[in-house]
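J.: In our numbering, the protein residues as written are 1 to 219. Glycine included, every Cβ here is placed at the ideal spot set by N, Cα and C. This one's a predicted model, so the numbers in the text were calculated from it and none came from an experiment. First the structure, which I've put down as structure tokens, then a few questions once you've had a look.
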């Protein structure tokens, strides 16, 4: 039986992709940069121009620097991809999801937190979709010392991107960072940009239920 086909735009090293795969999707990733550790079929291309029509679901995680808590620390001007991306996706009659950091200009998003999935990170992320999706609440009291995997791993002060809060700590090594994220194939730098697969596995299960009741798969 064919699985629905999901296009993973701005795919990075494949944190989102792995969750959707575990939920039951076949996945194709697209990124403008090479992604040698991407665990599924990868195409190096411009995510904002890549053809969309052959896919059942589109997931997009555009760069977050324009919306992050540390944007004022950088001198570069970062592009705002979300509004043009939403316009492009909305022209097609398929299911789509946009993911980004807290503070991004998403419309009626829901938030996911690592504490809801028993992970070592909090890593708050927002999701907007044209499908109504449920989300579990944070349970920070069950995660008294979250791990902060942002940055290179060196000690630093200042705002964090993952919602870990002031009681967080840096991972002791790459193995601990990978375990906290539920990811076992990425470098330390790739982990800092990724979302945990548990998030998109949870989202993907709901998207599959939606597809089964409303549409036929493209293949």
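#1: For residue 212, which residues from the same chain have a beta carbon less than 6 Å from its beta carbon, with the 5 sequence-adjacent residues on both sides left out?
#2: Between the alpha carbons of residue 178 and residue 99, how many angstroms are there, rounded?
#3: Would you check if the distance between the CB atom of residue 13 and the CB atom of residue 190 is smaller than 8 Å?
#4: Are at least three pairs of beta-carbons, each pair with one atom in the stretch 50-59 and one in the stretch 78-98, less than 8 Å apart?
#5: Using the C-alpha atoms, what's the distance from residue 180 back to residue 202?
#6: What separation, rounded to the nearest whole angstrom, lies between the Cα atoms of residue 221 and residue 3?
#7: What residue range does the alpha helix (DSSP H) around residue 206 cover?
#8: Would you grab the beta carbon distance between residue 204 and residue 25 for me? Rounded to a whole angstrom, and I think it's under 8 Å.
#9: Distance check for residue 175 and residue 147, CA to CA, integer angstroms please.
#10: For residue 32 and residue 49, what's the separation of their Cα atoms in angstroms?
#11: Would you grab the beta carbon distance between residue 125 and residue 111 for me? Rounded to a whole angstrom, and I think it's under 8 Å.
T.: In this structure, then:
#1: Scanning its chain for C-beta atoms nearer than 6 Å, with the 5 sequence neighbours on each side dropped, one finds no residue around residue 212.
#2: 21 Å
#3: Taking C-beta atoms as the reference points, residue 13 and residue 190 count as a pair closer than 8 Å.
#4: yes
#5: 17 Å
#6: Given that the chain is displayed from residue 1 to residue 219, the structure contains no residue 221 and the question cannot be resolved.
#7: 197-214
#8: 6 Å
#9: 12 Å
#10: 11 Å
#11: 7 Å
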